[in-house]
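For reference, the structure discussed in these notes is given below.
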Amino acid sequence: MVGGQILGKRVRHLSRYKDIAQILVANGFGWFIDEIGLFDILSLPRRIFSERRERETISTYERMRLVIEQLGPTFIKLGQIASLRADVFPPEFIEQLAKLQDEVPPVAFDQIRTIVETELGQPLTEMFRVFDEVPVGAASIGQVHRAELQTGEEVAVKVQRPDIQQKIEIDLDILMDLARLAERHFEWAAHYELSQVVEEFRYTLLNELNYTIEGRNADRLRKIHEGDTTVRIPEIFWDWSTSRVLTMEYVRGIKLTNGAFLRESGYRTGEIAQRVAHAEFTQMLMHGFFHADPHPGNLAVLPDHSVLFMDFGMVGRLTPEMKRHLSGLIIALMRRDSDAIVRVLYRMGVVPNDVDDRRLHRDVDNLREKYYDLPFTQISLGDAVSELFSVAYRHRIKIPSDLALVGKTLVTVEGVVEGLEPSFRILNIAEPFGRALLRERMNPRQFVGKAFRGAIDTAELLTDVPRQIRGILREWRRGKVRVQLEMAEVDQLMRQLIRIGNRLSFSITLLAFSIFMAGLLIATVLKRSPSALWSFPTTEVGVAVGLFMVFILIISIWRSSK
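Going by the UniProt record's numbering, 171 is the number at position 171 of the sequence shown; the sequence numbering is gapless.
Here it is as structure tokens:
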């Protein structure tokens with residue numbers, strides 16, 4: 001059924017498949033299409049391999065950026081997400097991907113007007129006193145226009161590109177198919193479970209397509225920083241917002257991409273860096289909800305040195321359990337305690353069963369030794385996170401996506417603050433948060449609360465057991481319960497079980513016969529007459545049979561032990 005669905009999607013999206021394949025081939029990546037078998041699937045002519053088009057001599061990373069731009073909005077967004085992973089990709093590739101954030105051509109204003117009027121149900125001139133035709137920013141999913149409401153408020157109107165959702169859903173289907181093909185042909189793709197990565201990407205991207213979710217994210221972050229004068233979150237105007245149009249307060253500030261200009265203008269860049277880091281740690285560690293795309297283009301500084309956060313399509317969430325794991329990991333890193341780091345990994349349930357525990361401890365110890373004598377001012381969080389992820393890769397430890405997003409966010413923030421103030425170290429801000437988390441975990445109320453929750457969970461589990469058993473038995477009677485065992489040397493195990501069962505049956509038979517003979521002997525003694533059945537010497541024959549059976553049982557046990 002799954003294979004039929006994939007084939008059906010290939011047929012429906014055949015034109016798009018061919019576009020992607022031809023773009024890859026035209027830019028020198030035809031080997032990938034050939035390796036995963038798409039040439040045969042799409043019936044592409046082999047002659048395109050031999051076509052040598054005239055093109056400039058450019059680097060591989062530039063060609064990869066050109067491929068992403070030519071593939072369209074979905075792949076541009078993927079490139080934007082990848083541009084945040086400075087801990088994974090080489091600097092030259094990051095430099096090329098960063099250009100995707102500001103070099104997306106805008107949509108014509110006539111199309112923007114149509115979308116806004118359709119979504120809000122009124123003519124543009126009746127809703128807005130002013131609406132600038134030239135956008136202040138264009139992205140792969142939407143673009144932002146400055147406007148003024150009829151009531152005089154200055155606003156930023158974010159408008160989704162026309163037909164973008166349908167195009168992205170088609171590209172996501174194709175990406176999933178390519179990921180599955182890559183998993184079959186490349187070991188690295190199977191190791192990283194590329195299809196699951198694409199599924200997570202799909203979830204994130206579809207959420208970003210819904211501007212209502214983005215507006216709620218902004219409201220939640222504003223509530224987190226309520227009363228904090230060092231952080232600014234724009235207000236959302238819900239009467240002029242839908243899933244495709246988002247109207248928010250227009251706040252004028254200087255983006256943190258202009259670090260040199262900020263220093264020349266007399267801004268205290270060290271203080272700005274501290275406020276950015278403090279805001280992210282407050283969101284992440286205190287509230288478990290954080291801005292997950294804090295690159296310099298999404299951050300600005302206001303004249304009073306407060307930090308403005310923008311673009312709330314990508315956020316991270318940490319459950320209470322994951323927050324405890326993260327706090328435990330931070331505390332273990334602060335203490336440089338390798339045993340504690342390994343214990344946290346085991347509690348997270350991400351360590352595979354076949355891991356070499358000795359080698360894992362050795363690698364974590366080596367990581368600890370590297371940073372043991374260094375002060376916080378000399379430790380790069382990006383390097384530490386990258387090396388920790390390298391240890392996880394070597395031991396096939398799959399870091400949960402929530403924690404991977406945390407790592408990416410922290411590395412991004414470190415790049416931002418160091419761009420503002422090269423001598424600033426983000427771990428100086430992390431240390432007080434780590435100590436606060438340690439005090440919180442050692443609070444007796446936390447132990448009592450945890451014990452109470454555990455007792456409630458146990459009681460609910462015990463209460464639910466009878467219902468679960470009844471359900472299993474009901475499905476068993478219907479023939480819907482299947483038990484499947486997979487283990488090595490199962491045939492040998494079954495033979496051993498059969499031998500044990502045979503010996504057990506023989507032993508039970510011998511026991512029953514012995515009980516019968518004992519009863520017969522007792523009856524004979526009580527009657528004070530020899531035992532006979534139809535003049536047959538029952539006692540003597542029974543004793544002989546019993547001895548013979550004991551002898552057979554001993555021989556059987558001896559042979560099985562051999």
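C-beta: ideal position from N, C-alpha, C; glycine also.
Could you tell me which residues DSSP puts in a beta bridge with residue i?
{"i": "residue 308", "result": "232, 300"}
{"i": "residue 248", "result": "156, 236"}
{"i": "residue 143", "result": "138, 159"}
{"i": "residue 148", "result": "130, 154"}
{"i": "residue 317", "result": "289"}
{"i": "residue 99", "result": "Answer by DSSP bridge pairing: none, since residue 99 is not bridged."}
{"i": "residue 254", "result": "301"}
For residue i, which option in the options has the closest C-alpha, if you only look at C-alpha atoms?
{"i": "residue 250", "options": "259, 234, 140", "result": "234"}
{"i": "residue 414", "options": "429, 404, 402, 400", "result": "429"}
{"i": "residue 392", "options": "352, 96, 256", "result": "352"}
{"i": "residue 354", "options": "23, 410, 395, 107", "result": "395"}
{"i": "residue 75", "options": "406, 111, 23", "result": "23"}
{"i": "residue 13", "options": "113, 67, 167, 30", "result": "167"}
{"i": "residue 271", "options": "20, 59, 421", "result": "421"}
{"i": "residue 591", "options": "257, 145, 154", "result": "Here the chain comprises residues numbered 1 to 562, so residue 591 is not present and cannot be evaluated."}
{"i": "residue 567", "options": "303, 288, 310", "result": "The chain is shown from 1 up to 562; residue 567 falls before or after that span and cannot be answered."}
{"i": "residue 157", "options": "229, 236, 169", "result": "236"}
{"i": "residue 169", "options": "209, 159, 185", "result": "209"}
{"i": "residue 128", "options": "240, 365, 321", "result": "240"}
{"i": "residue 110", "options": "159, 229, 426", "result": "159"}
{"i": "residue 201", "options": "215, 179, 185", "result": "179"}
{"i": "residue 427", "options": "308, 274, 469, 368", "result": "274"}
{"i": "residue 186", "options": "412, 31, 470", "result": "31"}
{"i": "residue 149", "options": "125, 433, 309", "result": "125"}
{"i": "residue 348", "options": "94, 113, 419, 402", "result": "402"}
{"i": "residue 423", "options": "477, 269, 476", "result": "269"}
{"i": "residue 332", "options": "320, 365, 302, 304", "result": "365"}
{"i": "residue 303", "options": "318, 229, 357", "result": "229"}
{"i": "residue 142", "options": "477, 69, 112", "result": "112"}
{"i": "residue 298", "options": "238, 329, 475, 218", "result": "218"}
{"i": "residue 238", "options": "471, 226, 215", "result": "215"}
Using beta-carbon positions only, say whether residue i and residue j come within less than 8 Å of one another.
{"i": "residue 28", "j": "residue 171", "result": "no"}
{"i": "residue 327", "j": "residue 285", "result": "yes"}
{"i": "residue 300", "j": "residue 255", "result": "yes"}
{"i": "residue 100", "j": "residue 122", "result": "no"}
{"i": "residue 231", "j": "residue 140", "result": "no"}
{"i": "residue 77", "j": "residue 205", "result": "yes"}
{"i": "residue 182", "j": "residue 33", "result": "no"}
{"i": "residue 105", "j": "residue 138", "result": "yes"}
{"i": "residue 245", "j": "residue 162", "result": "no"}
{"i": "residue 155", "j": "residue 248", "result": "yes"}
{"i": "residue 221", "j": "residue 291", "result": "yes"}
{"i": "residue 568", "j": "residue 296", "result": "No information on residue 568 is available, as it lies outside the stretch 1 to 562 that the chain covers here."}
{"i": "residue 473", "j": "residue 397", "result": "no"}
{"i": "residue 203", "j": "residue 242", "result": "no"}
{"i": "residue 409", "j": "residue 294", "result": "yes"}
{"i": "residue 92", "j": "residue 59", "result": "yes"}
{"i": "residue 213", "j": "residue 283", "result": "no"}
{"i": "residue 253", "j": "residue 308", "result": "yes"}
{"i": "residue 322", "j": "residue 400", "result": "yes"}
Quick one: does residue i have its CB under 8 Å from some CB of chain B?
{"i": "residue 30", "result": "Any reference to chain B falls outside this structure, which holds one protein chain only."}
query: Is the stretch 170 to 181 touching the stretch 259 to 270 in the sense that three or more CB pairs, one from each, lie closer than 8 Å?
result: They do not touch, by the three-pair rule.
message: Taking contact to mean 3 or more Cβ pairs, one atom from each stretch, closer than 8 Å, check whether the stretch 334 to 345 and the stretch 360 to 372 are in contact.
response: Contact between the stretch 334 to 345 and the stretch 360 to 372 is present, because at least three Cβ pairs lie under 8 Å.
query: Is the stretch 116 to 129 touching the stretch 310 to 321, taking contact as three or more C-beta pairs under 8 Å?
result: Contact between the stretch 116 to 129 and the stretch 310 to 321 is absent, because fewer than three Cβ pairs lie under 8 Å.
- prompt: Do the stretch 57 to 72 and the stretch 273 to 283 touch if we need at least three Cβ pairs shorter than 8 Å?
  reply: Output reads no: the stretch 273 to 283 does not touch the stretch 57 to 72.
Alpha helix (DSSP H) runs contained entirely in the stretch 395 to 421, provided each spans 4 or more residues: Taking only runs of at least 4 residues, the alpha helix (DSSP H) segments lying wholly in the stretch 395 to 421 are 401 to 420.
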